[in-house]
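Peer 1:
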Amino acid sequence: MGRIDRRDALRNMAAGAAAAGGLGIAADALRAQEWEDPCNLGWNGREFVLPDLPYAYDALEPHYDAETVTLHHDKHHAGYVAGANAALTALAAIRGGDRPASEIKHWERELAFHGSGHVLHTLFWLGMTPGGSDPTADLLRAINASFGSVEACRQQLTAATVAVEASGWGILGYFPMTDTLMILQAEKHQDLAVQGVIPLMVIDVWEHAYYLKYKNARADFVAAWWNIANWEYASQRYASVRNA
Ligand SMILES: [Fe+2]
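The number in this note's numbering is simply the position in the sequence shown, starting from 1, with 17 added.
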């Protein structure tokens, strides 16, 4: 993304955060977020931030249309960032005695919902690239060891994602305990989680992710998504989290 495109994206993100009832996240904070660190999924050391897209809004056409990408990133993802920061602020206020302890359940649920949404959406954007890409050697070895082949992995992730009940995600993750890859379904963001699994690649199948173009044909969206899957990023992230 060029400098002007990046500046436009930042302006759009700030507007999106404001429209989503955000916390007035400063452009400096947004600018501080870069994609070079695969372990950083949108945290500037002080608060969650909405990262700019690593490509233009229309770069994933025709598989993923610019209108959906724009709304999805600038409005929906921005809303999760705002919600997660609001939860952190409220929980700090509870700890400080400025809010009643009776609110703890509400704000912990808010943190889980919005925090998970922010992390998974950040991975979702990074998990796509124009033209797609292939896994590099380490991830390829892990895929073959865990699933038998890339095609078997792809088929299982496709089937799991299409079969997500209502809203949720298909997730390819790394499980440090077994040093293997694992495919999971996440209903909503916070259910059916296996604690300790580190997501490497995720597919959003909330209706807002695909409905403008694909309507109720979720399977068609997931099939098209594979044309823009960024295995190269997943490879980098796998190496990074495994070495961490
Ligand atoms: Fe989404």
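For each residue, glycine too, the CB sits at the ideal point set by N, CA and C.
Please read these numbers as outputs of a predicted model, since none were measured by experiment.
Which partner residues does Pro152 have in the DSSP bridge list?
Peer 2: Paired residues: none, contrary to the question.
Peer 1: Sorry if obvious, but does the Cβ on His89 come closer than 8 Å to a heavy atom of ligand 1?
Peer 2: True, at least one ligand heavy atom lies under 8 Å from that Cβ.
Peer 1: Between the region 154-171 and the region 187-197, can you find at least three pairs of beta-carbon atoms closer than 8 Å?
Peer 2: Touching, per the Cβ criterion.
Peer 1: How many angstroms separate the CA atom of Thr178 from the CA atom of Trp223?
Peer 2: Cα-Cα distance, rounded: 11 Å.
Peer 1: Going straight from the alpha carbon of Gln172 to that of Ala107, what length do you get?
Peer 2: Roughly 42 Å separates the two Cα atoms.
Peer 1: Thinking Tyr255 and Leu217 are a contact (beta carbons under 8 Å), I'd like their distance in whole angstroms, please.
Peer 2: Right, the Cβ-Cβ distance comes to about 5 Å (below 8 Å), so this counts as a contact.
Peer 1: Report yes if the C-beta distance between Met145 and Asn57 is below 9 Å; otherwise report no.
Peer 2: No, the Cβ-Cβ distance between Met145 and Asn57 is not below 9 Å.
Peer 1: Got a sec: does ligand 1 put a non-hydrogen atom nearer than 8 Å to the Cβ of Phe141?
Peer 2: At least one heavy atom of ligand 1 is nearer than 8 Å to the Cβ of Phe141, so yes.
Peer 1: Leu77: which of Val136, Ser150, Pro117 and His135 sits nearest, CA to CA?
Peer 2: It is Ser150.
Peer 1: Beta carbon of His225, beta carbon of Leu70: below 9 Å?
Peer 2: Contact: no.
Peer 1: DSSP state of Trp248, grouped into three classes?
Peer 2: Residue state, collapsed to three classes: helix.
Peer 1: Cβ of His135 versus every heavy atom of ligand 1: is any distance shorter than 8 Å?
Peer 2: Outside the cutoff, so no.
Peer 1: Please report the distance separating the alpha-carbon of Tyr97 from that of Ala73.
Peer 2: Going from the Cα of Tyr97 to the Cα of Ala73 covers about 21 Å.
Peer 1: Less than 7 Å between C-beta atoms, sequence neighbours within five positions excluded: which residues of the same chain meet that for Leu229?
Peer 2: Same-chain partners within the cutoff: Asp82, Glu84 and Thr85.
Peer 1: If you draw a straight line from the C-alpha of Ala241 to the C-alpha of Phe65, how long is it?
Peer 2: Using only the alpha carbons, I get a separation of about 30 Å.
Peer 1: What are the boundary residues of the beta strand (DSSP E) that Thr197 is part of?
Peer 2: Run containing Thr197: Thr197 to Glu204, per the beta strand (DSSP E) assignment.
Peer 1: Looking at the unbroken beta strand (DSSP E) that takes in Leu67, where does it start and where does it end?
Peer 2: First-last for Leu67: undefined, no H or E at that position.
Peer 1: Let me confirm a value: Asn233 is counted as buried when at least 16 other C-beta atoms fall within 10 Å, else exposed. Which label applies?
Peer 2: By the 10 Å Cβ count, Asn233 comes out exposed.
Peer 1: With a CB to CB cut of under 8 Å and the five nearest residues on each side skipped, what residues in its chain are close to Ala118?
Peer 2: Only Ile111 meet the Cβ criterion.
Peer 1: Are the Cβ atoms of Phe141 and Ile220 separated by less than 9 Å?
Peer 2: Yes. Within cutoff.
Peer 1: What are the uninterrupted segments assigned as alpha helix (DSSP H) that are 4 or more residues long and contained completely in the region 87-165, given in chain order?
Peer 2: Entirely contained in the region 87-165, the alpha helix (DSSP H) runs reaching 4 residues are, in chain order, 95-112, 121-143 and 154-164.
Peer 1: How close, in whole Å, do the beta carbons of Asn244 and His80 come, if the pair is a contact with beta carbons under 8 Å?
Peer 2: Right, their Cβ atoms sit about 5 Å apart.
Peer 1: Could you check the C-alpha separation between Asp196 and Ala203 for me, to the nearest Å?
Peer 2: Using only the alpha carbons, I get a separation of about 21 Å.
Peer 1: Could you give the distance in angstroms between the alpha-carbon of Ala129 and the alpha-carbon of Ala251?
Peer 2: So the two alpha carbons sit approximately 24 Å from each other.
Peer 1: In angstroms, rounded to a whole number, what distance separates the CA positions of Glu61 and Val181?
Peer 2: It is worth fixing the name first, because residue 61 is Asn in this sequence and not Glu. Using only the alpha carbons, I get a separation of about 32 Å.
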